[in-house]
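Here is the structure we will look at.
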Amino acid sequence: MQVISCRVHEELVIDGGIRIKILEINEEGVLVGVTIPGEEPAYEEYVLEPQALELAVAGH
Numbered sequence: 028m029q030v031i032s033c034r035v036h037e038e039l040v041i042d043g044g045i046r047i048k049i050l051e052i053n054e055e056g057v058l059v060g061v062t063i064p065g066e067e068p069a070y071e072e073y074v075l076e077p078q079a080l081e082l083a084v085a086g087h
């Protein structure tokens, strides 16, 4: 598994066209925007438990 750190408004580009953008990070979760070529942007909200965030920051 690759663990990649991103700040708000940064994007990851996958396979030359799929874009994943961190829209917002708050105490309730992370709002992520996904843009797929030829489609309207889709938005999903994922709630990460504090323990999961601590592990991600620690690099585990």
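First residue of the sequence shown: 28, per my numbering; consecutive thereafter. Just so it is clear, CB atoms sit at the ideal spot from N, CA and C, and this is done for glycine as well.
- Rounded to the nearest angstrom, the gap between the Cα atoms of ASP42 and HIS36 is 20 angstroms.
- Listed as beta-bridge partners of VAL40 by DSSP are ARG46.
- Rounded to whole angstroms, MET28 and VAL57 show a C-alpha spacing of 19 angstroms.
- With contacts defined as CB atoms closer than 8 angstroms, GLU38 and ILE47 qualify as a contacting pair.
- A direct Cα-to-Cα measurement between VAL40 and ASN53 gives close to 23 angstroms.
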